[in-house]
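This report concerns only the one structure given below.
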């Protein structure tokens with residue numbers, strides 16, 4: 076199940092990732108309760124972002140272009 080969700084996240088990131096994008100990565104807390112937590116980030120290569128998504132067990136990722 077998790078691998079399918081990760082593949083669903085990976086496809087748009089692989090197609091559209093640029094260095095001028097921001098990400099909001101949603102994941103469940105350490106005790107795996109129903110409360111979602113969020114980390115907002117502006118860093119990283121595609122590999123770094125995917126590694127964090129896998130580490131956090133992300134359930135949702137929002138991304139947007141950063142205004143420059």
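In my numbering, the protein residues as written are 76 to 143.
For every residue, glycine included, the Cβ atom is placed at its ideal position computed from N, Cα and C.
* **Bridge partners - residue 137, DSSP secondary structure assignment** => Your numbering for residue 137 matches position 62 in the chain shown. Beta-bridge pairing links residue 137 to 99.
* Would you kindly report the start and end of the unbroken alpha helix (DSSP H) that includes residue 127? => Locating residue 127 in the chain shown gives position 52, where the first residue counts as 1. Start and end: 121–131.
* **Rounded distance between the beta-carbons of residue 95 and residue 141, thought under 8 Å** => Residue mapping note: residue 141 aligns to position 66 of the chain shown, counting from 1. Residue mapping note: residue 95 aligns to position 20 of the chain shown, counting from 1. That belief holds up - the Cβ atoms of residue 141 and residue 95 are roughly 5 Å apart, short of 8 Å.
* Hey, out of 122, 113, 109, whose CA is closest to residue 136's CA? -> Numbered from 1 along the chain shown, position 61 holds the residue referred to as residue 136. Minimum Cα distance to residue 136 is reached at 113.
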